[in-house]
C-alpha cells in the first residue's frame with residue numbers, strides 16, 4: 004500500500020514538473036516568435052532602403068536598428084537612442100539562434116526582455132549591413148509560470164491526499180474477501196467439522212475463483228481422510244478375524260494339550276494373515292504418488308499373457324489366449340512386476356468365477372494397449388461393477404466362492420494400473436464378465 008502511494012506521488016511529481024517545463028518553454032517560444040516577427044517586418048523596410056525613425060512597433064516591444072559597428076541607427080519610441088540593447092556577444096549569440104534575455108532596465112523598462120535579432124541589408128545604395136534587434140517583455144509569461152507553480156504546489160498535495168483515500172478504500176474493498184478467506188482458513192483445523200469450508204465472495208473475480216478452488220481442494224482432502232479412516236477400520240476388521248481364530252485355537256490347545264490338526268489350522272491362519280498384510284503394504288505403495296516416478300521399462304504384453312496362461316495349467320478351468328494374439332507385438336511401459344500382479348489378480352478372479360473357461364486377449368487401440376480377461380461365469384450386476392474396486396469389498400457370491408480372500412485384489416489392480424497411466428473396467432461378456440484393461444503404449 005505505502006509503496007503504491009509512493010509510486011503514485013512520484014508519478015504526480017514528475018508529471019507536474021514536466022507540465023511546468025513544457026508550458027514555460029511554450030510561452031517562451033511564443034514571446035520569442037512575436038519579437039522575431041516584428042524584427043522581420045522592420046528588416047524588410049531596411050532592405051528596401053526606407054528605414055523609418057521612429058520604428059513603428061506594437062505594444063511594449065523594443066526595436067533597434069544597429070549598423071555593422073553596433074551603433075543605433077533607428078529605434079522605436081520605447082528604445083534607447085544612444086546605447087544598444089544588446090552587447091556584441093549577445094548580438095552574436097542571438098544571430099546564431101541562441102536564446103538571449105536581457106534586463107529591461109537597458110531600455111528603461113522593468114522586468115526582462117526576450118531578444119530576437121534579424122540581419123538586414125546590405126542596402127543597394129549604401130552597401131551597409133544592419134541588424135534589427137527586437138525585444139518583448141517576459142513579464143506575462145513569468146507571471147503565468149508563477150501562477151502555474153503556485154497551483155501545482157497547492158493542487159499536488161490535495162490530489163495526492165484524495166487519490167490516497169480512494170486507493171485505500173478501493174484496495175481495502177478488494178482485500179476484504181482475502182481477509183475473510185484468511186480468517187476462514189484459520190478456523191479450519193483438526194477439530195473442525197468436515198463440512199466447514201472457506202467463504203466464497205459473490206464477486207466473479209480471481210478471489211472468488213481462488214476460494215472455489217481451495218474449497219474443491221478441501222473436498223478432496225476430506226474424501227481422502229474418509230477413505231483413510233475407512234481403510235484403517237476395514238483393515239482392523241479384517242485382521243481381527245484371523246487373530247481371533249488363532250487366539251481361540253491357542254486357548255483350546257492350552258486346555259487340551261498338543262495334537263490333532265491344530266498346527267495346520269494355525270499355519271493356514273498365519274498364511275492368510277501374512278497375505279493380508281502383504282496386500283495392505285502393496286496397496287499402500289501403489290497409493291504412493293512418488294512411486295510413480297520410478298524408471299519404467301518396456302513390457303511385452305503378448306509374452307506376458309502367454310506366460311500367465313501357462314501358469315494356470317492345473318487350474319479349475321482352462322486359461323487360454325486368443326488364437327491371433329501371438330502375431331501382435333504389443334508393448335506397454337511400466338514395471339513388469341506391477342503389470343503382472345495387476346493382470347494376475349484379474350485372472351485369479353476369472354478362474355474362481357468361470358464355469359468352463361477363461362480367455363485372454365490383447366489388441367492395440369489408438370495410443371493404448373487393450374487387454375481383456377473374459378470368463379463365462381455369472382457376472383456382476385451393473386450397479387456393483389464399480390463398488391468391487393473399493394477396498395475390502397466382497398459380493399455375496401464372491402464370498403461363497405472365495406474362502407480367505409482379503410477383498411483387496413481388484414483395488415490393488417486398479418491402483419497399480421493407474422500409477423502407470425492405465426485403468427480397468429468391467430463389462431458384460433454375455434454370459435459372464437469381461438475385465439477390460441487399458442495400458443499406455445511404450446512410445
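In the working numbering, the protein residues as written are 4 to 446. Every residue, glycine too, gets a C-beta built ideally from N, C-alpha and C.
- Note on geometry: alpha-carbon atoms of residue 217 and residue 381 lie some 45 Å from one another.
- In this structure, the CA atom of residue 110 is about 8 Å from the CA atom of residue 65.
- Taking the CA atoms as reference points, residue 275 sits about 21 Å from residue 319.
- When secondary structure is reduced to three states using DSSP, residue 191 falls in the coil class, being assigned neither helix nor strand.
- Comparing alpha carbon positions, the residue from 359, 80, 370 and 33 closest to residue 62 is 80.
- Residue 247 is positioned such that its CB atom lies no closer than 8 Å to that of residue 308.
- Taking residue 84 as the centre and dropping the five residues before and after it, the same chain places the C-beta of 75 and 78 closer than 7 Å to its C-beta, in chain order.
- Comparing C-alpha distances from residue 342 to each of 440, 191, 151 and 277 shows the shortest one belongs to 440.
- Secondary structure note for residue 91: it is in no beta strand (DSSP E), and the uninterrupted alpha helix (DSSP H) holding it is 91-98.
- Here the alpha carbon of residue 438 sits roughly 11 Å from the alpha carbon of residue 348.
- Rounded to whole angstroms, residue 179 and residue 171 show a C-alpha spacing of 12 Å.
- Using a C-beta cut-off of 8 Å, the segment 25-41 makes contact with the segment 134-154, since at least three inter-stretch Cβ pairs fall below that distance.
- In the three-state reduction of the DSSP assignment, residue 367 falls in the strand class, which pools E and B.
- Between residue 326 and residue 305, the alpha-carbon positions lie close to 12 Å from each other.
- When rounded, the separation of the alpha-carbon atoms in residue 424 and residue 164 is 60 Å.
- Put simply, of 112, 215, 282 and 14 the residue whose alpha carbon is nearest the alpha carbon of residue 160 is 14.
- Under DSSP, residue 104 takes part in a beta bridge, and its partners are 117.
- If you draw a straight line from the Cα of residue 361 to the Cα of residue 314, it comes to about 13 Å.
- Just measuring C-alpha positions, the residue of 337, 156 and 147 sitting nearest residue 19 is 156.
- Proximity of the segment 52-61 to the segment 85-105 falls short of the contact definition, fewer than three beta-carbon pairs being nearer than 8 Å.
- Counted as a single uninterrupted DSSP element, the beta strand (DSSP E) harbouring residue 336 occupies residues 334-337.
- Sequence-distant Cβ neighbours of residue 139 in its own chain, meaning closer than 6 Å and more than five residues away, are 34, 37, 38, 64 and 117.
- Cβ neighbours of residue 213 within its own chain (closer than 7 Å, five residues either side excluded): none.
- The secondary-structure analysis by DSSP pairs residue 361 across a beta bridge with 322 and 378.
- If you compare the alpha carbons of 136, 82, 10 and 223 with that of residue 71, the shortest gap goes to 136.
- Cβ atoms of residue 254 and residue 279 stay farther apart than 8 Å, at about 22 Å.
- In the same chain as residue 367, and ignoring 5 residues on each side of it, the C-beta atoms closer than 8 Å to its own belong to 331, 333, 373 and 444, in chain order.
- Residue pairing of residue 69 in beta bridges, as defined by DSSP: 75 and 134.
- Exposure of residue 175 is indicated by the presence of fewer than 16 other C-beta atoms within 10 angstroms of its C-beta.
- Judged by DSSP secondary structure, residue 422 falls within the alpha helix (DSSP H) whose first and last residues are 412-422.
- In the structure shown, residue 184 adopts helical secondary structure according to DSSP, grouped into three states.
- The residues 392 and 427, in chain order, have a CB closer than 6 Å to that of residue 417 in the same chain once the five nearest residues on each side in sequence are set aside.
- In the DSSP assignment, residue 429 falls outside any alpha helix (DSSP H) and within the unbroken beta strand (DSSP E) covering 426-431.
- For residue 237, the three-state secondary structure derived from DSSP is helix.
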